[in-house]
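Asks: Numbering (my numbering), first residue to last: 732 to 947. Ideal placement from N, C-alpha and C gives every residue a C-beta, glycine not left out. Provided herewith is a single structure, encoded as structure tokens, for subsequent inquiry.
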Amino acid sequence: MSELLNEISAALQSGKAKTVKELVPRALEEGISAKDILEQGLLAGMDIVAVKFKNNEVYVPEVLIAARAMNAGTELLKPHLAESGAKPLGKALLGTVKGDLHDIGKNLVRMMFEGKGIEVIDLGVDVPPEKFLEAYKAEAPDVIALSALLTTTMGEMKSTVDAFVEAGERGNVVIMVGGAPVTDSFCESIGADIYAADAASAAEAAKQAILEKKGA
Ligand code: B1M
732 MSELLNEISA
742 ALQSGKAKTV
752 KELVPRALEE
762 GISAKDILEQ
772 GLLAGMDIVA
782 VKFKNNEVYV
792 PEVLIAARAM
802 NAGTELLKPH
812 LAESGAKPLG
822 KALLGTVKGD
832 LHDIGKNLVR
842 MMFEGKGIEV
852 IDLGVDVPPE
862 KFLEAYKAEA
872 PDVIALSALL
882 TTTMGEMKST
892 VDAFVEAGER
902 GNVVIMVGGA
912 PVTDSFCESI
922 GADIYAADAA
932 SAAEAAKQAI
942 LEKKGA
């Protein structure tokens, strides 16, 4: 692995957003691809933070500042991960479900969707079912993409699917779910349409779903 990618990983682990913001453009200038910077620099660093968090070697404040550094780095990669030019393929509504504040995975999903030419309305974190429904009515998206990182908030995915059933809108939209504790069988059990394990496969699946919906 390039020394610069190691430095990015290390800066992220110690929550040095400013250093991450300096190193990411330098890596791009050196010809390292945005994908490698993301996977071998930023995500590699966050993986180490995650293990330390699990083992109680670091705590919420340290994880939070590492997360800020991660988001600072990914923002800089955004234009480099996006495919250029074409008019939007379709529209997606995205959010982390009610009670859940994790947004790094969601932000990656947004970036990968945009990279596929899908317009994203990002509702942020802690989004209750009624807000998804309200935004659905205002925006008429093709796909609704729900992220959850906590076992305690996965149930909100079901509440969101149920809200669309109750509103008589379930048949009109594709609902996609993902996040570390989410599985294919959970997706099926709550009546969602698509489970995606990572942001890149989520974007590919959303693209296919939009093309199918539009009869292409
Ligand atoms: Co949290 N946290 N956290 N945390 N946190 C986890 C999730 C945890 C597994 C850590 C642990 O204990 N081992 C654990 C959950 C345990 C469980 O429920 N099973 C946990 C806990 C317990 C908590 C708190 C309760 C801690 C506390 O307060 N005591 C608290 C809850 C707050 C809340 O949400 N209400 C909390 C708080 C936080 C921080 C605020 C400090 C911070 C979040 C900052 C932020 O997001 N801005 C944080 C972080 C950073 C983590 C870990 C360390 C890293 C998560 C992450 O961003 N990973 C995490 C440990 C871990 O995951 N191993 C942990 C990188 C990111 C790229 O991966 O989000 O999984 P991820 O996204 C992946 C896939 O899941 C997928 O694509 C991405 C990869 O391409 N994906 C989708 C995600 N969404 C998708 C949607 C899709 C498709 C794919 O379709 C729509």
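Kindly list the residues whose CB is nearer than 6 Å to the CB of Asp853, restricted to its own chain and excluding five residues on each side of it in sequence; keep chain order.
Replies: For Asp853, where only same-chain residues beyond five positions count, the Cβ hits under 6 Å are Leu825 and Arg841.
Asks: Is the closest heavy atom of the ligand B1M to the C-beta of Gly821 under 7 Å?
Replies: No.
Asks: Do three or more CB pairs link the stretch 830 to 846 to the stretch 779 to 795 at distances below 8 Å?
Replies: Cβ pair count under 8 Å is below three, so no.
Asks: If we require 3 or more residues per run, which beta strand (DSSP E) segments fall completely within the stretch 854 to 895?
Replies: Segments of the beta strand (DSSP E) lying fully in the stretch 854 to 895: 874 to 878.
Asks: Helix, strand or coil: which one does DSSP assign to Ala748?
Replies: Here Ala748 sits in helix by DSSP.
Asks: Measure from the alpha carbon of Leu864 to the alpha carbon of each residue in Val904, Arg799, Asp831 and Cys918, then state which is nearest.
Replies: Nearest option by C-alpha distance: Val904.
Asks: Starting from Thr914, trace the beta strand (DSSP E) both ways and give me its first and last residue.
Replies: Premise fails: Thr914 is in no beta strand (DSSP E) and is neither H nor E.
Asks: With a threshold of 7 Å, establish whether the CB of Lys785 neighbours any heavy atom of the ligand B1M.
Replies: Lys785: yes, Cβ under 7 Å from the ligand B1M.
Asks: Given 7 Å as the limit, tell me if His833 has its C-beta closer than that to any heavy atom belonging to the ligand B1M.
Replies: The answer is yes for His833.
Asks: Relative to the C-alpha of Ala869, which candidate in Pro912, Lys822 and Gly886 has its C-alpha closest?
Replies: Considering only alpha carbons, the answer is Lys822.
Asks: At what residues does the beta strand (DSSP E) containing Gly776 begin and finish?
Replies: Per DSSP, Gly776 belongs to no beta strand (DSSP E); it is in the alpha helix (DSSP H), Ala775 to Lys785.
Asks: In terms of residues, what are the limits of the beta strand (DSSP E) holding Lys822?
Replies: Its beta strand (DSSP E) spans residues Gly821 to Thr827.
Asks: Identify whether Glu900 lies in helix, strand or coil by the three-state DSSP scheme.
Replies: Correct three-state label for Glu900: coil.
Asks: What does a CB cutoff of less than 6 Å around Lys938 pick up in its chain, not counting 5 residues either side in sequence?
Replies: Here the set comprises Lys847.
Asks: Where does Leu736 fall in DSSP's three states?
Replies: Note: Leu736 maps to helix in three-state DSSP.
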